[in-house]
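> The listed protein sequences derive, respectively, from chains A and B. Okay, so the first sequence: first residue is -3 according to our numbering, each after it adds one. Okay, so the second sequence: first residue is 22 according to our numbering, each after it adds one. We treat Cβ as the ideally placed atom computed from N, Cα and C, and that holds for glycine. Values in this document were obtained by computation on a predicted structure and should not be read as measured data.
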Amino acid sequence: MKNFLPYLKTLAFFDGLPDDTILGLTTRFARQRLADGEVLYEPGDPKGSAFVIVRGELEVLSAGGQRMAVLKAGEAVGLHELFVDEPRATLIRAIGETGLFEIDRATFAAACEAIEPIDAALVERVAHLLAIQLREIDGVLARVDPPVIVAPAPRFEAPPLPAPNAPLPGRSALRAAAAPRMEALKDATDADIMARIDEIADRAGLSDLDSVKVVYGDEQPLRTNPSSIIRRG
Amino acid sequence: MAQDFDIRGATVFSGLTPDDFTALAQVGRRESYLPGETVFSGNLRAQSFFVIADGGVEVLRREPDGSQTILARMGRGAAFGEAALLDGHPRRALGIAKGSTTCWVLDARGLARLRAEQPVVATRLVANLARGMAVRLVRASTRATQVVDQRRAANSSLGAGEARRSLMDRLFGR
Chain A
-3 MKNFLPYLKT
7 LAFFDGLPDD
17 TILGLTTRFA
27 RQRLADGEVL
37 YEPGDPKGSA
47 FVIVRGELEV
57 LSAGGQRMAV
67 LKAGEAVGLH
77 ELFVDEPRAT
87 LIRAIGETGL
97 FEIDRATFAA
107 ACEAIEPIDA
117 ALVERVAHLL
127 AIQLREIDGV
137 LARVDPPVIV
147 APAPRFEAPP
157 LPAPNAPLPG
167 RSALRAAAAP
177 RMEALKDATD
187 ADIMARIDEI
197 ADRAGLSDLD
207 SVKVVYGDEQ
217 PLRTNPSSII
227 RRG
Chain B
22 MAQDFDIRGA
32 TVFSGLTPDD
42 FTALAQVGRR
52 ESYLPGETVF
62 SGNLRAQSFF
72 VIADGGVEVL
82 RREPDGSQTI
92 LARMGRGAAF
102 GEAALLDGHP
112 RRALGIAKGS
122 TTCWVLDARG
132 LARLRAEQPV
142 VATRLVANLA
152 RGMAVRLVRA
162 STRATQVVDQ
172 RRAANSSLGA
182 GEARRSLMDR
192 LFGR
């Protein structure tokens, strides 16, 4: 397999992996070869392995016979089958002579519990590819079958103006307005407090964290903006 | 993970041992949000993974006309952000807290630390994240194939050349 290493490194499935890891992974895989037009699996077939295309192409057909995609060398098919106990839902057929690596469920299940770096690399790679496939299919669905729940555009509503001669809100009123936020933080850890300070400073575009003050006990801060004050018991 | 949050029963953590949770506690954090507060947006925590410990999160997409499409509503125990955490592409949607909400959050830096310090736990967690994505992928793929077949049946009844092109052909230029 060492002779094929330069070629394997060009395949997306092995992209970025060290040579030893690539060679180690190939020892975990069985090899399969399909003739042109040969079916790898079809709807209703029992759950089974996932496959990485080494050479050639595979076409993915819906149950109705519609071509969904053509997968090329380096791409994988059936990765979700490693986890989900459901029969196959699509038909996979070779276009031209096609070589595959097979990842069987037992091998993958063992890798999930193993401590070898090769096993971790396999699990990470499968998870990474699933993330990409999920993002792609979500993108397709958003276009062909968009969600129907639509909320109206949020409207800006200005707070009512105070009466002309009304007194300006005092410190107690400002403190009362900030009470819910303080209540939410009363059991927070120091790490939570620091994270909250970072968040407040980040939102306000502040580069100087002194703009936010943590207050302990009954200490009375010399500040009038309660949103920048975090009070701790 | 703080003791006062009951997220160990979340599906995404199934099969993890008490020692695994101890390791996760070192790399994740809890965050609390007030009702209506942004949980994640384009730049804010867009590549983090969340498990809702309490409350709920509504995932929205801002439309050009200013309206918001609700993509999902999630409650206690739900997990989201696996794909963003694992493939590094930030979400474009917006997450808003529905009511007072608390989440356990793992970002890319925390996952990298877990991989370095507790590789077995990291592999177990990543396998669980992959399992969740696989389930969602099956649902999404099933729906996509249904839509494609329905559109094909509708288009074939029209008989027009353009309409006969498959939906995927038009989407992907294949």
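#1: Quick check on the DSSP output: the alpha helix (DSSP H) that includes B/Arg130 runs from which residue to which?
#2: Taking all protein chains shown into account, decide if A/Ile111 is buried (16 or more other Cβ within 10 angstroms of its Cβ) or exposed.
#3: Considering only residues of the same chain and omitting the five flanking positions on each side of A/Ile91, which have a CB-CB separation below 6 Å?
#4: Using a Cβ cut-off of 9 Å, which residues of the segment 132 to 148 of chain B contact any Cβ in chain A, in chain order?
#5: Assuming B/Leu106 and B/Ala129 make a contact with CB atoms under 8 Å, what is their CB distance in whole Å?
#6: With 9 Å set as the bound, which would you pick, yes or no: does the beta-carbon of B/Asp170 sit closer than that to a beta-carbon of chain A?
#7: Please list, in chain order, the chain A residues whose beta carbon lies closer than 7 Å to that of B/Ser162.
#8: Starting from A/Glu120, find everything on chain B with Cβ-Cβ shorter than 7 Å and list it in chain order.
#9: Do you know how far the Cα of B/Ala148 is from the Cα of A/Leu75?
#10: Helix or strand or just coil, what does DSSP make of A/Gln62?
#11: Kindly indicate which three-state DSSP category B/Ser36 falls into: helix, strand or coil?
#12: Taking C-beta to C-beta, are B/Arg50 and B/Phe42 nearer than 9 Å?
#13: Would you list the residues sitting across from B/Ala93 in a DSSP beta bridge?
#14: From the DSSP output, in three-state form, read off A/Gly92 for me.
#15: Quick check: A/Val48 and A/Phe104, are their CB atoms within less than 9 Å of each other?
#16: When we look at the beta-carbon of B/Arg173 and count the other beta-carbons within 10 Å, is it buried (16 or more) or exposed?
#17: Cβ of A/Asp241 less than 9 Å from any chain B Cβ?
#18: On the criterion of 16 or more Cβ atoms from any shown chain inside 10 Å, does A/Tyr37 qualify as buried, or is it exposed?
#19: Within 10 angstroms of its Cβ, does B/Thr166 collect 16 or more other Cβ (buried), or is it exposed?
#20: Taking only three categories from DSSP, how would you classify A/Arg131?
#21: To the nearest angstrom, how far is the alpha carbon of B/Thr59 from that of B/Val168?
#22: For the beta strand (DSSP E) containing A/Thr185, list its first residue and its last residue.
#23: At 8 Å on the CB atoms, spell out the chain A contacts of B/Arg130, in chain order.
#24: Per DSSP, A/Leu67 forms a beta bridge with which residues?
#25: In three-state terms, what does DSSP make of A/Phe152?
#26: Please list the terminal residues of the continuous alpha helix (DSSP H) segment that includes A/Glu109.
#27: Check A/Glu82 in the structure and name its three-state DSSP category.
#28: Given 8 Å as the limit, is there contact between the segment 108 to 119 of chain B and the segment 74 to 83 of chain B, that is, 3 or more CB pairs closer than that?
#29: Quick one: is A/Ala110 near chain B, going by C-beta distance under 9 Å?
#30: DSSP three-state label for B/Ala122, please.
#31: Pop quiz: B/Leu150 and A/Ile133 are said to be a contact at Cβ under 8 Å. What is the actual Cβ separation, rounded to whole angstroms?
#32: Just the C-alpha distance for A/Asp11 and A/Pro176, rounded to the nearest angstrom, thanks.
#33: For the beta strand (DSSP E) containing A/Pro29, list its first residue and its last residue.
#34: If distances are taken between C-alpha atoms only, which option among A/Ala85, A/Gly70, A/Gly60 and A/Thr86 comes closest to A/Val122?
#35: Under three-state DSSP, which class holds A/Ala117?
#36: I want to see whether chain B comes within less than 9 Å of A/Glu53, judged by CB atoms only; does it?
Reading it off the structure:
#1: From DSSP, the alpha helix (DSSP H) with B/Arg130 extends over Ala129 to Glu138.
#2: Burial call: exposed.
#3: Here the set comprises Glu53 and Glu55.
#4: Answer in chain order: Arg136, Pro140, Val141, Ala143, Thr144, Arg145, Val147 and Ala148.
#5: At roughly 6 Å, the Cβ-Cβ gap stays under 8 Å, so B/Leu106 and B/Ala129 are in contact.
#6: So yes, B/Asp170 belongs to the interface.
#7: What B/Ser162 touches in chain A, judged by beta-carbon distance under 7 Å, is Ala85 and Ile133, going in chain order.
#8: Those within 7 Å of A/Glu120 in chain B are Val147.
#9: Using only the alpha carbons, I get a separation of about 12 Å.
#10: Taken through DSSP and simplified to helix, strand or coil, A/Gln62 comes out as coil.
#11: In the sequence under discussion, the amino acid at residue 36 of chain B is Gly, which differs from the Ser named in the question. Coil.
#12: Against a cut-off of 9 Å, the Cβ pair of B/Phe42 and B/Arg50 comes out as no contact.
#13: Paired residues: B/Val80.
#14: A/Gly92: strand per DSSP, three-state reduction.
#15: Cβ distance not < 9 Å, so A/Val48 and A/Phe104 don't count as in contact.
#16: With 16 or more Cβ atoms within 10 Å of its Cβ, B/Arg173 is classed as buried.
#17: Only positions -3 to 229 of chain A appear in the structure, and residue 241 of chain A is not among them; the question remains open.
#18: That one is buried.
#19: With 16 or more other Cβ atoms inside 10 Å of its own Cβ, B/Thr166 counts as buried.
#20: In the structure shown, A/Arg131 sits in a helix (DSSP, three-state: H, G or I).
#21: When rounded, the distance between both Cα atoms is 33 Å.
#22: Under the DSSP assignment, A/Thr185 falls outside any beta strand (DSSP E); it carries neither an H nor an E label.
#23: By Cβ distance, chain A contributes nothing, its closest Cβ being about 13 Å from B/Arg130, past 8 Å.
#24: Paired residues: A/Leu54.
#25: At A/Phe152 the pLDDT is 48, less than 50, meaning the model places this residue with poor confidence; the figure from the coordinates comes in the next sentence. Coil at A/Phe152, not helix or strand.
#26: Unbroken alpha helix (DSSP H) run through A/Glu109: Arg101 to Glu109.
#27: If DSSP states are grouped into helix, strand and coil, A/Glu82 belongs with coil.
#28: In short, these stretches touch, since the Cβ pair count reaches three.
#29: Taking 9 Å as the threshold, the shortest C-beta distance from A/Ala110 to chain B falls below it.
#30: Contrary to the premise, residue 122 of chain B reads as Thr rather than Ala in this sequence. The answer is strand: DSSP assigns B/Thr122 an E or B state.
#31: With a Cβ gap of about 17 Å, B/Leu150 and A/Ile133 do not count as contacting.
#32: Distance between the alpha carbons of A/Asp11 and A/Pro176: 50 Å.
#33: Note on identity: in this sequence residue 29 of chain A is Arg, with Pro being the wrong assignment. Here the beta strand (DSSP E) through A/Arg29 covers Ala26 to Leu30.
#34: Nearest Cα to A/Val122 within the set A/Ala85, A/Gly70, A/Gly60 and A/Thr86: A/Gly70.
#35: Helix, per DSSP.
#36: Taking CB atoms only, A/Glu53 has no neighbour in chain B less than 9 Å away.
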